[in-house]
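Just so you know, the sequences run in chain order A and B.
84 is the number of the first residue of the first sequence in this note's numbering; add one for each residue after it.
84 is the number of the first residue of the second sequence in this note's numbering; add one for each residue after it.
2 protein chains.
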Amino acid sequence: MAVRVFNERGYDGTSMEHLSQAAGISKSSIYHHVSSKEELLRWAVSRAIDGLFAVLDEEGAVTGRPLERAQYVTRRTVEVLVAELPYVTLLLRVRGNTDTERWALERRREFDHRVAGLFSAAVQEGELRGDVEVRMATRLLFGMINSVVEWYRPDGVRQGDGGSPYEEGPLGSGAEIADAVVRIAFSGLRAANPGPAGD
Amino acid sequence: MAVRVFNERGYDGTSMEHLSQAAGISKSSIYHHVSSKEELLRWAVSRAIDGLFAVLDEEGAVTGRPLERAQYVTRRTVEVLVAELPYVTLLLRVRGNTDTERWALERRREFDHRVAGLFSAAVQEGELRGDVEVRMATRLLFGMINSVVEWYRPDGVRQGDGGSPYEEGPLGSGAEIADAVVRIAFSGLRAANPGPAGD
């Protein structure tokens, strides 16, 4: 619930009073439950971060050829994003104004670096193309993945932030979105057998 | 300059006083220059929107096979985004709280729909894969393209918002980023000739 308020108002724009109102309790009694909004933020982004890092230890991420592992991690990252949507949304919007926010940004960087390492290994094996710089490739891939928080609405209802140019939702399940991301990112949008006049 | 302030503070968080301070003039004299911050927003997002829509009328977007046109529009959209970085950044952050913001969101939707139409035509021609729903494919593509505003810094210096998990920049020119996006989006990250044990 606090996470929804953070996502709607922005973390900076949320006060303990907003949180107590949303919880339906008095401003004084909310301090019996949490000592600060930063504590809540840490709990919420930890959930997202733990979910993402757990992927890197899964069987499919540590065994097999680098290409297979890269595809596995891509698919599972999308699935975690969808399964933990409000928490990952909050993580992706963190700005870096407090210690907790800077810690969260640091953990995101670490996750991105580990995934980039996997992609580098696949490039070295000749399984992934070498003509796109790996850091740029992983940034663009995460751009695609992370954009899902902007338009995916599990209940088909837009959230209160009003900031999306997309009116309708949902558009596929987590597994369907993960399929689409893996197909586009690894094989591209081009048809395998282009039409008669294709080049 | 006003655009930089909007991007740093967020449009909602920017007052006419912030704008006059950044311009180095008094709060009363700024009204000789602009009547409201909404007027400034409209001017700035118009610049981004006009730049994007102009792409759709260029020769490469209206002639040739749908696949070529789709690739052309993708490449040019990235180039416009990089060339008009602060204006497109502002456009992508618009939330929909005022008439101008809602108008900007509506124009973004229209642009996305026109691009999606081009991709649909390429799917019908058998030039683009049909196993990823076109709306999802264009959303993911725009996710990849639009993420560039989060990490591309033409001067190599991070902006004051502190909200990026990426420390360094730049990472390629506009043309290099456009190349990377077109390669990944249309042909995928996989090497054309996978390594010995590739499948």
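The beta carbon of each residue, even a glycine, is placed where N, CA and C say it ideally should be.
ask   = In angstroms, rounded to a whole number, what distance separates the CA positions of A:Thr-97 and B:Val-232?
value = For this step, residue 97 of chain A is matched to residue 14 along the first sequence. For this step, residue 232 of chain B is matched to residue 149 along the second sequence. Going by the C-alpha atoms only, they are around 26 Å apart.
ask   = Does A:Met-227 come within less than 9 Å of chain B when only Cβ atoms are used?
value = Here residue 227 of chain A corresponds to residue number 144 of the first sequence, with the count starting at 1. So yes, A:Met-227 belongs to the interface.
task = Taking C-beta pairs closer than 7 Å, name the residues in chain B that A:Leu-272 reaches, listed in chain order.
result = The residue you call residue 272 of chain A lines up with position 189 of the first sequence. Correct list: Leu-211, Arg-212, Ala-220, Ala-268, Phe-269.
inquiry  = To the nearest angstrom, how far is the alpha carbon of A:Ile-228 from that of A:Thr-221?
reply    = By one-based count along the first sequence, residue 228 of chain A stands at place 145. By one-based count along the first sequence, residue 221 of chain A stands at place 138. C-alpha separation (whole angstroms): 10 Å.
ask   = Mind checking if B:Ala-275 is an interface residue toward chain A, Cβ cutoff 9 Å exclusive?
value = Counted from its first residue, the second sequence places residue 275 of chain B at position 192. Judged by the 9 Å Cβ criterion, B:Ala-275 is in contact with chain A.
Contact set between B:Ala-258 and chain D, taken where Cβ atoms lie within less than 7 Å = In summary, chain D is missing from the structure at hand, where the protein chains are A and B.
query = Is there a Cβ from chain A that is less than 9 Å from the Cβ of B:Ser-230?
reply = For this step, residue 230 of chain B is matched to residue 147 along the second sequence. B:Ser-230 has a beta carbon lying within less than 9 Å of a beta carbon in chain A.
Short CB-CB distance (under 9 Å) between B:Trp-186 and chain A = As a working note, residue 186 of chain B is residue 103 in the second sequence. Using a Cβ-Cβ cut-off of 9 Å, B:Trp-186 does not count as an interface residue toward chain A, since no Cβ of chain A sits closer than that to its own.
task = Answer with buried or exposed for A:Gln-207, where buried requires no fewer than 16 other C-beta atoms within 10 angstroms of its C-beta.
result = On the first sequence, position 124 is the one that residue 207 of chain A refers to. Result: exposed.
request  = Starting from B:Ser-103, trace the alpha helix (DSSP H) both ways and give me its first and last residue.
outcome  = Residue mapping note: residue 103 of chain B aligns to position 20 of the second sequence, counting from 1. Segment 99-106, the alpha helix (DSSP H) holding B:Ser-103.
task = Locate the alpha helix (DSSP H) running through B:Tyr-170, then write down its first and last residues.
result = Numbered from its first residue, the second sequence carries residue 170 of chain B at position 87. Counting along the chain, the alpha helix (DSSP H) containing B:Tyr-170 begins and ends at 168-176.
ask   = So which residues on chain A does B:Gly-255 lean against when the C-beta distance must stay under 9 Å?
value = As a position in the second sequence, residue 255 of chain B is number 172, starting the count at 1. The contact set of B:Gly-255 on chain A, defined by CB atoms closer than 9 Å, consists of Glu-216, Met-219 in chain order.
task = Grab me the residues of A:Ser-256's own chain with a C-beta within less than 8 Å of its C-beta, minus the 5 sequence neighbours each way, in chain order.
result = Counting from 1 along the first sequence, the entry for residue 256 of chain A is found at position 173. The beta carbon of A:Ser-256 lies closer than 8 Å to those of Val-165 in the same chain, with the five residues before and after it left out.
key: CB contact below 9 Å: B:Gln-242 versus chain A   = One-based indexing of the second sequence puts residue 242 of chain B at position 159. Low per-residue confidence applies at B:Gln-242: pLDDT is 47, beneath 50, and the placement is therefore not dependable, though the value from the model is reported in the following sentence. When Cβ-Cβ separations below 9 Å define contact, B:Gln-242 makes no contact with chain A.
request  = Verify the CB distance criterion: does B:Thr-143 have a CB-CB separation below 9 Å to chain A?
outcome  = Against the second sequence, residue 143 of chain B aligns to sequence position 60. Here the sequence assigns Gly to residue 143 of chain B, which means Thr is not the residue at that position. Judged by the 9 Å Cβ criterion, B:Gly-143 is not in contact with chain A.
query = For A:Leu-150, which of helix, strand or coil comes out of DSSP?
reply = Numbered from its first residue, the first sequence carries residue 150 of chain A at position 67. DSSP places A:Leu-150 in the helix class (H, G or I) of the three-state scheme.
request  = Return helix, strand or coil for B:Arg-273, following the three-state DSSP convention.
outcome  = Walking along the second sequence from the start, residue 273 of chain B turns up at place 190. Residue state, collapsed to three classes: strand.
task = Note the first and the last residue of the continuous alpha helix (DSSP H) segment covering B:Gly-257.
result = For the purposes of this step, residue 257 of chain B is taken as the residue at position 174 of the second sequence. That run of the alpha helix (DSSP H) goes 257-265.
Cβ pair A:Leu-224, B:Leu-272 closer than 9 Å = Translated into positions along the first sequence, residue 224 of chain A becomes position 141. Translated into positions along the second sequence, residue 272 of chain B becomes position 189. Yes, these two residues count as a Cβ contact at 9 Å.
key: Best match in B:Ala-204, B:Ala-274, B:Pro-237, B:Leu-173 for proximity to B:Val-86 [C-alpha to C-alpha]   = The residue given as residue 86 of chain B occupies position 3 in the second sequence. Answer by Cα proximity: B:Leu-173.
task = Could you list the residues in the region 122-138 of chain A with a C-beta less than 7 Å from some C-beta on chain B, going in chain order?
result = Going along the region 122-138 of chain A in chain order, one finds no residue with a Cβ nearer than 7 Å to chain B.
key: Assigned exposure category for A:Met-84 - 16 Cβ within 10 Å defines buried   = Position 1 of the first sequence, counted from the start, is the residue given in the question as residue 84 of chain A. Result: exposed.
request  = Compare the C-beta of A:Gly-107 against all C-beta atoms of chain B and say whether one is closer than 9 Å.
outcome  = Within the first sequence, the letter at position 24 stands for residue 107 of chain A. Interface residue (Cβ-Cβ distance to chain B less than 9 Å): A:Gly-107 is not classified as such.
query = Name the chain B residues whose beta carbon is nearer than 9 Å to that of A:Leu-223?
reply = Stepping through the first sequence from its first residue, residue 223 of chain A is reached at position 140. When 9 Å is used as the limit between beta carbons, A:Leu-223 is near these residues of chain B: Met-227, Ile-228, Ser-230, Val-231, Ile-260, Ala-263, Val-264, Ile-267, Ala-268, in chain order.
task = Have a look at B:Val-264, B:Leu-123, B:Ala-106, B:Asp-182 and flag the residue whose alpha-carbon is nearest the alpha-carbon of B:Glu-162.
result = Position 79 of the second sequence, counted from the start, is the residue given in the question as residue 162 of chain B. Check the Cα spacing between B:Glu-162 and each of B:Val-264, B:Leu-123, B:Ala-106, B:Asp-182: the tightest is with B:Val-264.
key: DSSP bridge partner residues for A:Leu-211 (one or two, in chain order)   = Numbered from its first residue, the first sequence carries residue 211 of chain A at position 128. Looking at the DSSP assignment, A:Leu-211 forms a beta bridge with B:Arg-273.
key: Cutoff 6 Å; reference A:Arg-185; Cβ partners in own chain excluding five residues on either side   = Translated into positions along the first sequence, residue 185 of chain A becomes position 102. The beta carbon of A:Arg-185 lies closer than 6 Å to those of Gly-179 in the same chain, with the five residues before and after it left out.
ask   = Buried or exposed: which applies to B:Tyr-114, given that a residue is buried once 16 or more other Cβ atoms fall within 10 Å of its Cβ?
value = Residue mapping note: residue 114 of chain B aligns to position 31 of the second sequence, counting from 1. Exposed, because fewer than 16 other Cβ atoms sit within 10 Å of the Cβ of B:Tyr-114.
query = Run through DSSP, which three-state label would B:Trp-116 get?
reply = Stepping through the second sequence from its first residue, residue 116 of chain B is reached at position 33. It should be pointed out that residue 116 of chain B corresponds to His in this sequence rather than to Trp. Looking at B:His-116 - three-state DSSP - the assignment turns out to be coil, as it is neither helix nor strand.
inquiry  = Relative to the C-alpha of A:Val-128, which candidate in A:Asp-262, A:Val-177, A:Glu-141, A:Ala-275 has its C-alpha closest?
reply    = Start at 1 with the first residue of the first sequence, and residue 128 of chain A comes out as number 45. Here the closest residue by C-alpha is A:Val-177.
query = Measuring from the CB of A:Ala-275, is there a heavy atom of the ligand HEM at a distance below 8 Å?
reply = Among the components of this structure there are no ligands whatsoever, and the ligand HEM is therefore not found.
request  = Count the other C-beta atoms from every protein chain shown that fall within 10 angstroms of the C-beta of A:Ala-131, then say buried if there are 16 or more, exposed otherwise.
outcome  = For the purposes of this step, residue 131 of chain A is taken as residue 48 along the first sequence, with counting starting at 1. Burial call: buried.
key: Same chain only: Cβ atoms within 6 Å of A:Ser-203, ignoring 5 sequence neighbours per side   = As a position in the first sequence, residue 203 of chain A is number 120, starting the count at 1. Within the same chain, and ignoring the five residues on either side of A:Ser-203 in sequence, the residues whose Cβ sits closer than 6 Å to its Cβ are Val-217.
ask   = Apart from the five residues just before and just after B:Ala-205, which ones in its own chain have a Cβ nearer than 7 Å to its Cβ?
value = Counted from its first residue, the second sequence places residue 205 of chain B at position 122. Taking B:Ala-205 as the centre and dropping the five residues before and after it, the same chain places the C-beta of Pro-149, Leu-150, Ala-153, Leu-211 closer than 7 Å to its C-beta, in chain order.
Endpoints, the alpha helix (DSSP H) within which A:Ala-85 is located = Locating residue 85 of chain A in the first sequence gives position 2, counting from the first residue. 85-92 is the extent of the alpha helix (DSSP H) around A:Ala-85.
query = How close, in whole Å, do the beta carbons of B:Leu-168 and B:Tyr-94 come, if the pair is a contact with beta carbons under 8 Å?
reply = As a position in the second sequence, residue 168 of chain B is number 85, starting the count at 1. As a position in the second sequence, residue 94 of chain B is number 11, starting the count at 1. About 17 Å separates the two Cβ atoms, so there is no contact after all.
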